[in-house]
Every structure is written in structure tokens, then in C-alpha cells.
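Start counting the first sequence at 188; every next residue gets the next number (my numbering).
Cβ coordinates follow ideal geometry from the N, Cα and C atoms, glycine included.
Fair warning: this is a prediction, and the values are worked out from it, not measured in the lab.
Below is one structure, written out as C-alpha cells, with a few remarks after it.
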Amino acid sequence: MTLRLTNTLSRAKEAFTPLVDRQVSIYCCGVTVYDLCHLGHARSYIVWDVLRRYLSWPGQVGGAYTVTFVQNFTDIDDKILHRAAQEGLAMEEVSARNISAYFQDMDALNILRADAMPRATACLDGICSLIGELESKGAAYSADGDVYFAVMKQAGYGKLSGRDLSEQQEGASGRTTGEEDGRKRHPFDFALWKGAKPGEPSFPSPWGPGRPGWHIECSAMVRQELGDTIDIHLGGADLIFPHHENEIAQSEAASGKPLARYWLHNGMVNVGGEKMSKSLGNFTTIRALLGSGVSPMTLRLFVLQAHYRKPLDFTLEGLEAAATGWKGLSGALAVGSTYADVLGWSDSQVGSSAALPEELKAIRERFREAMDDDLNTAAALGELFELARPLRALANRLRIGDIPSEADRLQGPRWQLLVELAAVLGLEPDPSGLKELLASSPGGCGEPATAAPMPAAAEQAGAAAASSGLSEAAIEALVDQRKAAKAARDFASADRLRAELKAQGIELVDKPGGVTVWLRG
RNA sequence: GGCGGCAUGGCCAAGUGGUAAGGCAGAGGAUUGCAAAUCCUUUACCCCCAGUUCGAAUCUGGGUGCCGCCUCCA
Numbered sequence: 188m189t190l191r192l193t194n195t196l197s198r199a200k201e202a203f204t205p206l207v208d209r210q211v212s213i214y215c216c217g218v219t220v221y222d223l224c225h226l227g228h229a230r231s232y233i234v235w236d237v238l239r240r241y242l243s244w245p246g247q248v249g250g251a252y253t254v255t256f257v258q259n260f261t262d263i264d265d266k267i268l269h270r271a272a273q274e275g276l277a278m279e280e281v282s283a284r285n286i287s288a289y290f291q292d293m294d295a296l297n298i299l300r301a302d303a304m305p306r307a308t309a310c311l312d313g314i315c316s317l318i319g320e321l322e323s324k325g326a327a328y329s330a331d332g333d334v335y336f337a338v339m340k341q342a343g344y345g346k347l348s349g350r351d352l353s354e355q356q357e358g359a360s361g362r363t364t365g366e367e368d369g370r371k372r373h374p375f376d377f378a379l380w381k382g383a384k385p386g387e388p389s390f391p392s393p394w395g396p397g398r399p400g401w402h403i404e405c406s407a408m409v410r411q412e413l414g415d416t417i418d419i420h421l422g423g424a425d426l427i428f429p430h431h432e433n434e435i436a437q438s439e440a441a442s443g444k445p446l447a448r449y450w451l452h453n454g455m456v457n458v459g460g461e462k463m464s465k466s467l468g469n470f471t472t473i474r475a476l477l478g479s480g481v482s483p484m485t486l487r488l489f490v491l492q493a494h495y496r497k498p499l500d501f502t503l504e505g506l507e508a509a510a511t512g513w514k515g516l517s518g519a520l521a522v523g524s525t526y527a528d529v530l531g532w533s534d535s536q537v538g539s540s541a542a543l544p545e546e547l548k549a550i551r552e553r554f555r556e557a558m559d560d561d562l563n564t565a566a567a568l569g570e571l572f573e574l575a576r577p578l579r580a581l582a583n584r585l586r587i588g589d590i591p592s593e594a595d596r597l598q599g600p601r602w603q604l605l606v607e608l609a610a611v612l613g614l615e616p617d618p619s620g621l622k623e624l625l626a627s628s629p630g631g632c633g634e635p636a637t638a639a640p641m642p643a644a645a646e647q648a649g650a651a652a653a654s655s656g657l658s659e660a661a662i663e664a665l666v667d668q669r670k671a672a673k674a675a676r677d678f679a680s681a682d683r684l685r686a687e688l689k690a691q692g693i694e695l696v697d698k699p700g701g702v703t704v705w706l707r708g
């Protein structure tokens, strides 16, 4: 059994076979850079990051694929122009700011950067020549400085979204209003090039100054970076129509070849049952969430516990559950590096996966089968938790000073497998990108638009207090005092001492036998 | 109105013909003066009705409810 993916084109799970053996070309629709990214974007890019990591995983049947991952920035768009006008900035300034914010956010979430990130502004030649081709083939027509794609001339239009133009026609009339109508021959025709109105920023073209339509930007960038036919095209389910439908129409009209062999779409993030979106105002930005103390890995876990095609309701409860779950996983993931010395898990002990004990082999196999089944990350995570349970217990015992047993020392391969599989899901303790994000956003997370403010999660609560400087000797003295108070059955004093230490970020753990150990943070 | 999707324990969520993964919460136990932390154990017949089948959460038909797209949108 090999990887199977749900192809929107056929609405079925299909065995995945790339055009070129062991190589995969992927295009992922990126963001329009007029604002910060919210959790909907986070989900989409987390999920596609996992697809990419999985394809690149050597544990894959047949070995790792070589993946070329391209994701665009839409940096020519009416919304960017509006935003720029509002703020008295140039379009480029708005997009540059949001592109840099995009990288900060995605780095923090441990999302691998694409191999290429083309921008519409840098692809205008390709866009214009594509429009020209369509025009010369009769697939497009110009009207008063605009150029439109002639939908009715394109056989198969609607094949991705399951739409039939003849049935749609009635509903469509009356839907589109405005001055474009007069120029369009069919209500579903869409703009490839929009002539500029006086005073608007514009780019030169054979049809006069103006700017490209959204759909053609992607068609041109796919072709520029990856050619006529790619293996996988990714995007949110809300892009199926009209964006991807139009992309197909344009690209296939020009090349006569299929644009993409597999179309994958992720489900939306909902809030209270409704789609999270800018227009509804119910969105939370990524940086607002991370700034409130939710760790990036918690968000990743939250996202990956659901199947990528289903809607995912964003709730505080769900997030808290993920935070607690991540606490356990991260403890297990960290055990090998934190306690490498005491466990004797040096690099030399790293066993190859071929030498895995049966139980671990079986887990690895089930993980692979889950991921092969249309990226069933929820089931894959189940295997991770299975793997992590004894390691988490071990980590907690070591944390309070227990000496590892011989059996504990033999858990090295288990830990390594956990680390390996978690990395396929992009789950790693101690994400480095977060600090940069938090440091870089001055006033930073105070996005006013946070409709659902997140209370600072307990995850990081102790971190600030932990640095307070009681010396070890001072702590030992207080612990001894408490021990004496307990011996004298003066529990009030004992509890007071415990509370004082806790206020300093010192946690006391009473172990069997009257021994108390203390831990910072 | 058209197209598509979803409905599993308190919450989230896997499972697509053979007696229900996992996470969170809860309960019980161990430990403790108590607590915290930790460890162990434990909790469902799957929206409704009809049908197919030796056998269905899983297939078919009908019903109900919810969501997405049809305008910019990950």
C-alpha cells in the first residue's frame, strides 16, 4: 500500500504516482499580503507542511520523494491597494511588511520555507504573455482596457467544482453588478487584466496600463516555476471555486495539458460553527494567539488532531486539550536530549530502524499506513502518543531525580523513533522561531482585531518567575525548614514555606520516604 | 435554487462490513499530613427510520440537523 490522496478533481482517494519517478512538484496557493495571517492560514500551511515533510520522509514506501515546493505571494490586489491608500503607503510597502510578518509567523510554527516563493509583481512578463496567448487562441477578449477569459469557449469548465454553467446561469444573473457587466460576454467570464482607473497604481501592458486579475497570477507563476503540468496543487477549500476552476481554465486553454494531476484542499477553521474569516471579523491572528502564551506546537497538535479535509472548530477547550497533550509529548521528546548522560544515549547508541524491536516496527508501520491513507494525522498522532507514554513516564521520574533502571536505558530506540515520527509532523520541542516572533513584534501582539482573546495559557506562566534568583543554598535551607516543620506537625508553617517557594518559581515534590526534591520553573 | 461535505462517549477526534484508536476532562487506586506533580486502572454499541447481509458505526434508500462554495477569502 502506498500513499493515497483525496483528489478534488475526482472526489476520490487516488493512489499517488508522480509524473517523474520519486519526484514531486507542488504548488500551494499562498496569501494575499494585505494583512496578517490568521488561524485559517495557519491550519492550511501546517497541513501542507506535513504533506511535504511526509513525502520527504525516508520511511515512505519506496523511499523519500524529492519535493519541489512552490508557494506564491499575491502582491498585486485591490485589497492591498485599499490598505495602502488607507495608510498613505505605497502598495510595495504594505506587501513587504506583510511578507516579512508572514515569514515570522510561519517560522514560529515550524513550517518549512518553500523552495521558491514567486510574487506577482516579479512575474508580470509571464502574466502578460500568458494573457496574450489566450487572446490569440480566442480564449480571451479585450474590452476597453480590460481583458476577460471567455468561459463558454473552454470545454470542461466546472470540472473541479462540479459546476454546470448552463445550470448556474440563472442564479448568476443579477448576482454580478457594476460596470464590468457591460463588458463581459458571459456573467462567469472573469478578468485577466483590469485597466487602471485614473490615479490608480498600474503596470504597463499591451492592453494599456492596469493590473492582472488574481487567477491569472497563479497560472503564470505555476508555469514559470514548475512548467505546464505539476503533480499536486494545494489550497483551501474556499479556493475551489472560482479561483482554482479559473486557474485550470486559463492554464489548460493555453497549454492544452492538464495543469495539476492532484488537487488537494484543506477544510476551513470555524469559530462557533462559522468559517473564520476577515469579513466576519471572527478571526484570531497567529501572532495574537502565540503572543497570548499558546505554544506553536500546541497549535500544530490542535490542527493535526483533525483530518485536514474536515472543518475544524476553533475553541478554547480544544486548544487547552492540545496544550496538555503537547506537554506530555514534548516531555517524552525531550527526554533523550535532556537526560542523555544519565541514560547513556549517545549518538553511537542510535540504532538503525532496521534493528527496531517488533513493537516499534509495528508502530512505525501503523504510522506509515495512517499517513498513507490521505494523511490521517489524527491516527498517526495516536501512534505517537502510544510511543510517548513510557518515555513521558520516564522523563517525569528522571525529573524528580530517580535513577534510571537498566530497562529504562534500553528505551533509546523508542525515543529515537518518536523523535523521527514527530518530526514528520513538524513537532519538535523548543521551536526557535517563536522567540524571534515575540521579540520582533513591537507592541506586537496587540492586534486589535482579536475577536476571541485568549487568556494567557498556563503553558508559559511559570517561565517569567522562574528566573528569580534564590540561591540553591537558600532554597535548600527553606526546604529543610519545611521538613522540620513537617516533623513537628506544624503543617501551617510547612504549607506557608511551600507557597513562598512556589511564588519564586520553585516546585516542591514530596517523594515516598519523606524526601523532598525541588525544581526550578 | 445549484454543487459539495459532515453527523461516533462530557469535549475533540480516528475507525468505511466482523464485537469501537488516541487526546482532554471525569472516576477509582498508588504516593502524601494535605496539596501539587507523577504513575496505574477505568468510562460509548456510533442522529432517526427502513433495507441488504450470517454479521453494519461502516453498504443502499428515506428523513432530520449542521457546515462550506456559488462575491474577496487558506
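ask   = Per DSSP, what kind of secondary structure is Asn583 in: helix, strand or coil?
value = Correct three-state label for Asn583: helix.
ask   = Can you give the Cα-Cα distance for Gly227 and Arg372, rounded to whole angstroms?
value = Cα-Cα distance, rounded: 35 Å.
query = Can you name, in chain order, every residue of its own chain whose Cβ lies under 8 Å from the Cβ of Met463, other than the five neighbours on each side?
reply = Excluding positions up to five away in sequence, the list reads His225, Leu226, Gly227, Met455, Val456, Asn457, Asn469, Phe470, Thr471 and Phe501.
Residue interval of the alpha helix (DSSP H) (run including Tyr232) = First-last of the alpha helix (DSSP H) with Tyr232: Leu226 to Leu242.
task = Could you check what DSSP says for Glu615 in three-state terms: helix, strand or coil?
result = Collapsing the DSSP output to three states places Glu615 in coil.
request  = Would you check if the distance between the CB atom of Asp331 and the CB atom of Gly382 is smaller than 9 Å?
outcome  = In this structure, Asp331 sits near Gly382, with a CB-CB distance shorter than 9 Å.
Extent of the continuous beta strand (DSSP E) run through Asp376 = Neither: Asp376 is in no beta strand (DSSP E) and is coded neither H nor E.
message = I'd like the span of the beta strand (DSSP E) that includes Ile314, first residue to last.
response = For Ile314, there is no enclosing beta strand (DSSP E); the enclosing alpha helix (DSSP H) has its first and last residue at Leu311 to Ser323.
ask   = Where do the N-terminal and C-terminal ends of the alpha helix (DSSP H) with Pro726 fall, by residue?
value = This structure cannot speak to residue 726, because the chain is shown only from 188 to 708.
ask   = Do the segment 431-445 and the segment 333-344 touch if we need at least three Cβ pairs shorter than 8 Å?
value = The segment 431-445 makes contact with the segment 333-344, as at least three CB pairs between them are under 8 Å.
key: Host beta strand (DSSP E) of Leu192 (start-end)   = Residues Arg191 to Asn194.
Within 9 Å, strictly: CB atoms of Arg448 and Ile419 = Going by C-beta atoms, Arg448 is nearer than 9 Å to Ile419.
request  = Go ahead and pull the three-state DSSP assignment for Cys306.
outcome  = The sequence shown places Arg at residue 306, not Cys. Correct three-state label for Arg306: strand.
query = Touch check for the segment 556-566 and the segment 486-503: three-plus C-beta pairs under 8 Å?
reply = At 8 Å Cβ cutoff, the stretches touch.
inquiry  = So, for Ala549: in the same chain, excluding its five sequence neighbours on each side, which residues have a beta-carbon less than 6 Å away from its beta-carbon?
reply    = Contacts found: none.
inquiry  = Assess contact between the segment 207-216 and the segment 250-257, defined as three or more Cβ pairs (one per stretch) separated by less than 8 Å. Is contact present?
reply    = Three or more beta-carbon pairs separated by less than 8 Å link the segment 207-216 to the segment 250-257, which places the two stretches in contact.
key: Nearest to Tyr214 (by Cα), restricted to the options Ser329, Asn285 and Arg410   = For Tyr214, the closest of Ser329, Asn285 and Arg410 by C-alpha to C-alpha distance is Arg410.
ask   = In or out: Gly443 buried (at least 16 other Cβ within 10 Å) or exposed?
value = That one is exposed.
ask   = Leu614 and Met484: beta carbons closer than 9 Å?
value = Taking C-beta atoms as the reference points, Leu614 and Met484 count as a pair closer than 9 Å.
ask   = Is the segment 232-245 touching the segment 291-300, taking contact as three or more C-beta pairs under 8 Å?
value = The way I'd put it, the segment 232-245 does touch the segment 291-300; three or more beta-carbon pairs between them come closer than 8 Å.
key: Three or more C-beta pairs below 8 Å linking the segment 257-276 and the segment 318-337   = For the pair of segments examined, the segment 257-276 was found not to touch the segment 318-337: the number of CB pairs separated by less than 8 Å stays below three.
task = Report the option in Ser316, Met408 and Glu320 whose CA atom is closest to the CA atom of Pro391.
result = Ranked by how close their Cα comes to the Cα of Pro391, the residues Ser316, Met408 and Glu320 have Ser316 in first place.
Cβ shell of Glu322 (< 8 Å), same chain only, five flanking positions each side left out = For Glu322, the CB contacts under 8 Å within the same chain, skipping 5 residues up- and downstream, are Tyr328, Ser329 and Val334 in chain order.
query = Once you ignore the five residues that flank Leu223 on each side, which residues in its own chain have a CB closer than 6 Å to its CB?
reply = Non-local beta-carbon contacts of Leu223 in its own chain, meaning distances under 6 Å to residues more than five positions away in sequence, involve Ala288 and Thr472 in chain order.
message = Can you find the residues in the same chain that come closer than 7 Å, C-beta to C-beta, to Gln668, ignoring five residues on each side of it along the sequence?
response = If we look at Gln668 and ignore the five residues flanking it on each side, its Cβ neighbours are Leu684.
task = Using the Cα positions of His686 and Arg586, report the straight-line distance between them to the nearest angstrom.
result = Looking at the sequence itself, residue 686 is Ala, so the reference to His does not match. When rounded, the distance between both Cα atoms is 21 Å.
Residues near Pro629 by beta carbon distance below 6 Å, same chain, minus five either side = Because Pro629 sits at a pLDDT of 49, beneath the cut-off of 50, its placement in the model cannot be relied upon, and the following sentence gives the value as read from the coordinates. Result list for Pro629: empty, nothing under 6 Å.
query = If we ignore side chains and look at the alpha-carbon of each, how far apart do Arg362 and Leu196 end up?
reply = Low confidence applies here, because Arg362 scores a pLDDT of 43, under 50, leaving its location unreliable; read the following figure in that light. Near 26 Å, if we compare the C-alpha coordinates of Leu196 and Arg362.
task = Within the segment 648-700, note down every full alpha helix (DSSP H) run reaching 4 residues or more, in order along the chain.
result = Listed in chain order, the complete alpha helix (DSSP H) runs (minimum 4 residues) inside the segment 648-700 are 648-653, 659-674 and 678-690.
key: From Ser482, Leu706, Ser592 and Ser680, residue whose alpha carbon lies closest to that of Ser619   = A check of alpha carbon separations from Ser619 across Ser482, Leu706, Ser592 and Ser680 identifies Ser482 as the nearest.
request  = Might you give, ordered along the chain, the residues of its own chain that have their beta carbon closer than 7 Å to the beta carbon of Leu547, omitting 5 neighbours on each side?
outcome  = Cβ neighbours of Leu547 within its own chain (closer than 7 Å, five residues either side excluded): Pro600, Arg601 and Leu604.
task = Let me know if Ile714 comes out buried or exposed under the rule of 16 or more other beta-carbons within 10 Å of its beta-carbon.
result = No answer is possible for residue 714: the residues shown for the chain start at 188 and end at 708.
query = What first and last residue would you give for the beta strand (DSSP E) that runs through Val702?
reply = Note, Val702: beta strand (DSSP E), Val702 to Arg707.
query = Just the Cα atoms here: how many angstroms apart are Ser389 and Trp401?
reply = Computed Cα separation, rounded: 15 Å.
ask   = Roughly how many whole angstroms lie between the Cα atoms of Pro305 and Val257?
value = Answer to the nearest angstrom: the Cα atoms are 8 Å apart.
key: Beta-carbon proximity of Ala519 to Arg576, cut-off 9 Å   = Result yes, Cβ atoms of Ala519 and Arg576 sit closer than 9 Å.
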